[in-house]
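Chains as they are written, first to last, in my numbering: chain G, 1 to 192; chain W, 1 to 192; chain V, 1 to 192; chain X, 1 to 192.
We treat Cβ as the ideally placed atom computed from N, Cα and C, and that holds for glycine.
Please read these numbers as outputs of a predicted model, since none were measured by experiment.
Number of protein chains: 4
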Amino acid sequence: MNRRSALKSKENIKKAALEAFSKYGYNGASMRMIAHEAGISVGGLYLYFKNKEELCLFLIKEKLNEFSKNAQIIFENVEDPIEAISRYINMSIEYAKRHREFIITQTRDQGFTFGMDIKREFFEDQKKLIKNIIQQGIDKGLFRPLDAFEVTKVIMGVIRGYILSFVMDPDNVFDAEYCCELILKGLLKENP
Amino acid sequence: MNRRSALKSKENIKKAALEAFSKYGYNGASMRMIAHEAGISVGGLYLYFKNKEELCLFLIKEKLNEFSKNAQIIFENVEDPIEAISRYINMSIEYAKRHREFIITQTRDQGFTFGMDIKREFFEDQKKLIKNIIQQGIDKGLFRPLDAFEVTKVIMGVIRGYILSFVMDPDNVFDAEYCCELILKGLLKENP
Amino acid sequence: MNRRSALKSKENIKKAALEAFSKYGYNGASMRMIAHEAGISVGGLYLYFKNKEELCLFLIKEKLNEFSKNAQIIFENVEDPIEAISRYINMSIEYAKRHREFIITQTRDQGFTFGMDIKREFFEDQKKLIKNIIQQGIDKGLFRPLDAFEVTKVIMGVIRGYILSFVMDPDNVFDAEYCCELILKGLLKENP
Amino acid sequence: MNRRSALKSKENIKKAALEAFSKYGYNGASMRMIAHEAGISVGGLYLYFKNKEELCLFLIKEKLNEFSKNAQIIFENVEDPIEAISRYINMSIEYAKRHREFIITQTRDQGFTFGMDIKREFFEDQKKLIKNIIQQGIDKGLFRPLDAFEVTKVIMGVIRGYILSFVMDPDNVFDAEYCCELILKGLLKENP
DNA sequence: AATGAATGAGATTTCATTCAT
DNA sequence: GATGAATGAAATCTCATTCAT
Numbered sequence: 001m002n003r004r005s006a007l008k009s010k011e012n013i014k015k016a017a018l019e020a021f022s023k024y025g026y027n028g029a030s031m032r033m034i035a036h037e038a039g040i041s042v043g044g045l046y047l048y049f050k051n052k053e054e055l056c057l058f059l060i061k062e063k064l065n066e067f068s069k070n071a072q073i074i075f076e077n078v079e080d081p082i083e084a085i086s087r088y089i090n091m092s093i094e095y096a097k098r099h100r101e102f103i104i105t106q107t108r109d110q111g112f113t114f115g116m117d118i119k120r121e122f123f124e125d126q127k128k129l130i131k132n133i134i135q136q137g138i139d140k141g142l143f144r145p146l147d148a149f150e151v152t153k154v155i156m157g158v159i160r161g162y163i164l165s166f167v168m169d170p171d172n173v174f175d176a177e178y179c180c181e182l183i184l185k186g187l188l189k190e191n192p
Numbered sequence: 001m002n003r004r005s006a007l008k009s010k011e012n013i014k015k016a017a018l019e020a021f022s023k024y025g026y027n028g029a030s031m032r033m034i035a036h037e038a039g040i041s042v043g044g045l046y047l048y049f050k051n052k053e054e055l056c057l058f059l060i061k062e063k064l065n066e067f068s069k070n071a072q073i074i075f076e077n078v079e080d081p082i083e084a085i086s087r088y089i090n091m092s093i094e095y096a097k098r099h100r101e102f103i104i105t106q107t108r109d110q111g112f113t114f115g116m117d118i119k120r121e122f123f124e125d126q127k128k129l130i131k132n133i134i135q136q137g138i139d140k141g142l143f144r145p146l147d148a149f150e151v152t153k154v155i156m157g158v159i160r161g162y163i164l165s166f167v168m169d170p171d172n173v174f175d176a177e178y179c180c181e182l183i184l185k186g187l188l189k190e191n192p
Numbered sequence: 001m002n003r004r005s006a007l008k009s010k011e012n013i014k015k016a017a018l019e020a021f022s023k024y025g026y027n028g029a030s031m032r033m034i035a036h037e038a039g040i041s042v043g044g045l046y047l048y049f050k051n052k053e054e055l056c057l058f059l060i061k062e063k064l065n066e067f068s069k070n071a072q073i074i075f076e077n078v079e080d081p082i083e084a085i086s087r088y089i090n091m092s093i094e095y096a097k098r099h100r101e102f103i104i105t106q107t108r109d110q111g112f113t114f115g116m117d118i119k120r121e122f123f124e125d126q127k128k129l130i131k132n133i134i135q136q137g138i139d140k141g142l143f144r145p146l147d148a149f150e151v152t153k154v155i156m157g158v159i160r161g162y163i164l165s166f167v168m169d170p171d172n173v174f175d176a177e178y179c180c181e182l183i184l185k186g187l188l189k190e191n192p
Numbered sequence: 001m002n003r004r005s006a007l008k009s010k011e012n013i014k015k016a017a018l019e020a021f022s023k024y025g026y027n028g029a030s031m032r033m034i035a036h037e038a039g040i041s042v043g044g045l046y047l048y049f050k051n052k053e054e055l056c057l058f059l060i061k062e063k064l065n066e067f068s069k070n071a072q073i074i075f076e077n078v079e080d081p082i083e084a085i086s087r088y089i090n091m092s093i094e095y096a097k098r099h100r101e102f103i104i105t106q107t108r109d110q111g112f113t114f115g116m117d118i119k120r121e122f123f124e125d126q127k128k129l130i131k132n133i134i135q136q137g138i139d140k141g142l143f144r145p146l147d148a149f150e151v152t153k154v155i156m157g158v159i160r161g162y163i164l165s166f167v168m169d170p171d172n173v174f175d176a177e178y179c180c181e182l183i184l185k186g187l188l189k190e191n192p
C-alpha cells in the first residue's frame, strides 16, 4: 500500500476510535471494535498507535488543541468583554453540539486520572483566558464586582455540564442563547 | 451467619461497589475488587446481587431515590420560588460534594444506555419540579418572563456540570453561593 | 475446591512450568502449554502466579535455594578441603543430572538479564564458599599456590559447562569422577 | 540496487541478526527488530532469507564453520599434544571472547532441537579432533593413562562453560591461562 | 450463608510472513 | 531489489460467573 492509503488508514482509525471511546468509554470500547469500524485488522491498529492508551491520549490531545485554537481566535479578535464571553459560551456549546465526540475529553475511565496532565493544562489555560476577560469586564465597570475566579469556575462548570447533558440527555439540552443570556444577566451591572 | 451479619454484608458490598464504580467506571471496576473491598468472597457477591449489571443498577436507583427525597422535601416545604430554587441548587451541590459517589448516576459506560430508563425518568421528574417552580416565579412576577423550560434545562446543566467538575478538577470547583447568586441575578427582575 | 486441591494445583503448575521453561526457554514456553500440562485452564494459572515473569522467577529462586542448601551442608560438615571440593563438584553434577530442569537457572532469554539480581547473588555466594575452601587448601599446603579466585572461577565455569552440556548433548556428558580427578590433580601439590 | 549493495545488505542483516539472536534468543528476537537494526525493510529481509529459521540456521552454520577452520589449523600444524591442547583451549576462549555472538551456537530455544543436527555434527567433529590428540599424548607417555574420551568431554565442557560464563557473568570470567594450566597439570604425568 | 478455585470467553498485544506498489 | 502496510494466528492476561465444598 502507498503513503496515501496509510494516511487514509490512520484517519479511519482516528474516526472509529473517537466514535467508540465517545460512545462506550475507554474500557467499554475494544480495540477489536475500533479495528472493525476502521476497516482494518486488529494488528493493523498497532502499526499506527503503540497501544490503546496512546490512541486515546492522541485523540484527547487533538480535540483539546482544536478547541483551544477556537478559543484563542475569539479572545484575540474580540475587544468587548461582554461579547467575548458571549462568543466563548456559544462557541463551546456549538462545538460540543457539532463534535459530540468531544465528550472523549471528559472521559472518566481509569479513575479520572486518564490523560489528566494534558487535561489539567488545558483547563488551566482556559481558566486563565476567561478569568482575564471577566476581570477586564469588572475593571471597566461593565460587570458587577464579583470574584473573577469564582465566576470563571461557574462558567466552565456550566459548559462542562452542557457537554455531559448533551450526551446523557440530548433531546433536552439547553439552548446556547438562553444560557448565555442568563449568565450575562447575572454578570452585568443592573443599570446598563 | 444470621440476619444481622447478612445485612452488614450487603451494606459492605454496596459501599465497596459504589466506591469502585465511581472511581473506575462500570467496566473499570471488577467484581473481584469489589468483593475484596467489601471483605467478602467473590462468590458471596452473587448471593446478594444476581450479577454486575444488577448491582450497578441497584446503586444508581438508590442514589437517585435518595436525591429525589431531598428534592421533594424542599419543594413541599418552601413556598417562595426564589428560596426554593436557591435551596435546590445548594442542596444539589452539597449533596454532590458529600456524596462524591453520586457521580455514578452520571456514568456513561456501556454506550450510555446503561440504566438509562431509570435515569431518564429521574431527570424528567426533576425537570418537572424545577420547571414548575420557575413558572410560579414568572407568574408571580418575581422572575423575568423567560421560557421556564429553557431555564430549567440550564439549571440542571449547571448542576450536572458541578458534579463532573467536582470529580475531574476538585480543587477548582465553584462555590455554591456564587453559582446560586449568579443564576438568581439572571432570573430576577431587574428592579426588585 | 478445597485447600488440598489448591496446593495440588500449584504443585502441578510448578512442575509443568519448570519442564516447559527448561525445554523451550522463557519465550519458547507458552502459558497455554504450561496450563495444559498442569491440567488447568489458562486463566487458572493466574490465580497462582501474577504473570509469566513471576512464575519463572519463582522457579528460579526455588531451584537456586535448593542447590544452596545442598552446598551449605557440604561446607559445614566437611573439614578437608580436598574432600570438600570433590564433594561440591560431585554434588553439583549429580544435582544437574537428577534435576535436568535446573537448567532453568541458566535461562538466557530476555538478554540474560532475566532474574539477574537473584542469580548474581547466588553466584556470589557460591564463589565465596568455594574460594574460601580453596584458600584453606592453599594455606594448609595441600594445593599448589595458585590464585584462589581464578581457580574458583574455573571450577564454577566447569560446572556451568556441565549443566549446559547435559542439556545440549546429554549422551556425551562427562563423568563427575573424571572431572573431579582432573581438576584435583591440577590443584594438588605434585608430591603428596 | 547493484550487486555490491546487495552484498552489503546481506552483510548488514547477518550482523544485525547475529546480535539480536545472541542478545535475546531465537524467540526473543523479532524480524522487525533485525530489519530495523540492519537498516532494511521487513519485507527486504525475506529477499535474502526464506524465513526466520533459515536465517538463524545460516548464522549458526557460519559461526561453527569459522570455528572449525580455526581448530583445523591448530591440529594440522602443531605436532606436540601438550601444545595442541593448550592452543585449542586458548583459541576457543579467545574466540568466544572476541565473538560474543558465538553464544548463538549454544542457543537452547525451540526445545533444543533447533539446528541440532548441525550442532551435533560439529560437536562430534570437535570431539574426534581432541580425543585423537589426547590419545596421542597418552600413547607417547606425555599424559597420564586416562580415558581419552572422558578427558575430551571434560575439556569441551569447560569451554562450553566458559562461553556461558562469559555471557552470564562477564566480569567474573576465568583466565584462559589459568584454565589451561589447571587442565594440563591434571593431564600431565607427575614427573615430567 | 459463604468460600474461592476454576472456567471460558474475550481483551490487548506481538509477530512472522505476504503482497501490492 | 525494495518497501512497509496489512494480516491472521497466537501469546499474555483479565474477568464475570459458576459450583463443589
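{"Item": "Helix, strand or coil at residue 122/V according to DSSP, with G and I counted as helix", "Value": "helix"}
{"Item": "Inter-stretch contact (C-beta, 8 Å, three-pair minimum) for the region 172-190 of chain V and the region 18-36 of chain X", "Value": "no"}
{"Item": "Counted within 10 angstroms of its Cβ, other Cβ atoms place residue 96/G as buried (16 or more) or exposed", "Value": "buried"}
{"Item": "For residue 137/W, the three-state DSSP class (helix, strand or coil)", "Value": "helix"}
{"Item": "Any C-beta of chain X under 9 Å from that of residue 168/V", "Value": "yes"}
{"Item": "Beta-carbon spacing of residue 13/W, residue 38/W below 9 Å", "Value": "yes"}
{"Item": "Residue nearest to residue 130/V in terms of C-alpha spacing, selected from 116/V, 141/V, 147/V", "Value": "147/V"}
{"Item": "For residue 199/G, the nearest candidate out of 62/G, 152/G, 118/G (CA to CA)", "Value": "The requested residue 199/G does not occur in the structure, where chain G is confined to residues 1 to 192."}
{"Item": "Terminal residues of the alpha helix (DSSP H) in which residue 34/X lies", "Value": "31-38"}
{"Item": "Residue 193/X at chain V interface by Cβ criterion, 9 Å", "Value": "The structure shown has nothing for residue 193/X, since chain X only spans 1 to 192."}
{"Item": "Interface positions of the region 82-98 of chain V facing chain X (Cβ-Cβ less than 7 Å), listed along the chain", "Value": "none"}
{"Item": "Helix, strand or coil at residue 143/W according to DSSP, with G and I counted as helix", "Value": "strand"}
{"Item": "Residue 101/V to residue 64/V span [Cα, whole Å]", "Value": "11 Å"}
{"Item": "For residue 42/G, the first and last residue of its enclosing alpha helix (DSSP H)", "Value": "42-48"}
{"Item": "is_contact[residue 1/X, chain V] using C-beta, thresh 9 Å", "Value": "With a pLDDT of 45 at residue 1/X, under the threshold of 50, the modelled position of this residue cannot be trusted, and the question is left open."}
{"Item": "Beta-carbon contacts of residue 10/V that lie in its chain and below 6 Å, excluding the five residues immediately before and after", "Value": "48"}
{"Item": "Euclidean distance between Cα positions of residue 161/G and residue 169/G", "Value": "11 Å"}
{"Item": "Nonlocal neighbours in the same chain, by C-beta distance under 8 Å from residue 123/G, ignoring five residues either side", "Value": "156"}
{"Item": "Residues, ordered as in the chain, of the region 115-134 of chain X that lie near chain V by beta-carbon distance below 9 Å", "Value": "116, 119, 120, 123, 124, 127"}
{"Item": "is_contact[residue 174/G, chain W] using C-beta, thresh 9 Å", "Value": "yes"}
{"Item": "Beta-carbon contacts of residue 16/W that lie in its chain and below 6 Å, excluding the five residues immediately before and after", "Value": "34, 37, 38"}
{"Item": "Alpha carbon of residue 57/X to alpha carbon of residue 119/X, nearest angstrom", "Value": "10 Å"}
{"Item": "Nearest-angstrom beta carbon gap, residue 173/V and residue 166/V [assumed within contact, 8 Å]", "Value": "5 Å"}
{"Item": "Backbone CA spacing between residue 114/W and residue 60/W [nearest angstrom]", "Value": "10 Å"}
{"Item": "Inter-residue Cα distance where the pair is residue 94/V and residue 133/V", "Value": "20 Å"}
{"Item": "Contact under 9 Å by Cβ, residue 82/X with residue 137/X", "Value": "yes"}
{"Item": "Amino acids of chain G, ordered along the chain, whose beta-carbon sits closer than 7 Å to that of residue 150/W", "Value": "174, 175, 178"}
{"Item": "Same chain only: Cβ atoms within 6 Å of residue 5/X, ignoring 5 sequence neighbours per side", "Value": "none"}
{"Item": "Interface partners of residue 157/V on chain X, CB under 7 Å", "Value": "158, 161, 162, 165, 174"}
{"Item": "Residue(s) in a DSSP beta bridge with residue 188/V", "Value": "143/V"}
{"Item": "Cβ pair residue 26/V, residue 25/X closer than 9 Å", "Value": "yes"}
{"Item": "Top-ranked residue by Cα proximity to residue 175/W, from 70/W, 90/W, 186/W, 150/W", "Value": "90/W"}
{"Item": "Min CB distance residue 141/X to chain V below 9 Å", "Value": "no"}
{"Item": "Boundaries (first-last residue) of the alpha helix (DSSP H) holding residue 170/W", "Value": "Careful: residue 170/W lies outside any alpha helix (DSSP H) and carries neither H nor E."}
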